[in-house]
Amino acid sequence: MVFASGWGCDRESPEPVNVVAMVGGVDVASGTTSWSRADVSDHNEEYANARGFGLSVPLPDSGDASVCLYLEDPRTGSRIELGCRQFGSSASA
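First residue of the sequence shown? That's 1288 in my numbering, and the numbers climb one at a time after it.
Following this line, the structure appears as structure tokens:
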């Protein structure tokens, strides 16, 4: 299990957006950008304070795993990649 956190927003809507974690191309965890992140609103006044997220992402018991995080566009359902990271024995620190 790894914990992924960060922030994201839809610039065209004040509503929280969905965050999805994928491992090996499969959805394994999801949540919304509803955590308080004063650092985000301090530097981006147009965004509300609650733009943060945190997800517990399950990993396979053995082998390597690629974990990717996405924001979902609330209007279209399309996904915007936030980033990916490799975990496991061959992953670099």
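By construction, the Cβ of each residue, glycine as well, lies at the ideal position given by its N, Cα and C atoms. For clarity, every value in this text was computed on a predicted model and none was experimentally measured.
Residue of the options minimising C-alpha distance to residue i
| i | options | result |
| --- | --- | --- |
| phenylalanine 1340 | Thr1320, Ala1325, Val1354, Asp1348 | Thr1320 |
| serine 1317 | Ser1323, Asp1297, Met1309 | Met1309 |
| tyrosine 1357 | Leu1342, Pro1347, Glu1299, Ser1323 | Leu1342 |
| arginine 1366 | Asp1297, Gly1375, Pro1347 | Asp1297 |
Reduced DSSP category for residue i - H, G, I as helix; E, B as strand; rest coil
| i | result |
| --- | --- |
| arginine 1362 | coil |
| cysteine 1296 | coil |
| glycine 1370 | strand |
Buried or exposed by the 16-neighbour rule on C-beta atoms within 10 Å, applied to residue i
| i | result |
| --- | --- |
| methionine 1288 | exposed |
| glycine 1311 | exposed |
| glycine 1364 | exposed |
| valine 1350 | It should be noted that the sequence gives glycine, not valine, for residue 1350. Per the 10 Å Cβ criterion, exposed. |
| valine 1344 | buried |
| proline 1361 | exposed |
Contact test: residue i Cβ vs the ligand MN heavy atom, cutoff 7 Å
| i | result |
| --- | --- |
| valine 1307 | Of ligands this structure carries none, so the ligand MN is not represented either. |
Fill in: Those runs of the alpha helix (DSSP H) which lie wholly inside the stretch 1298-1349 and span at least 4 residues
The stretch 1298-1349 contains these whole alpha helix (DSSP H) runs: 1325-1330.
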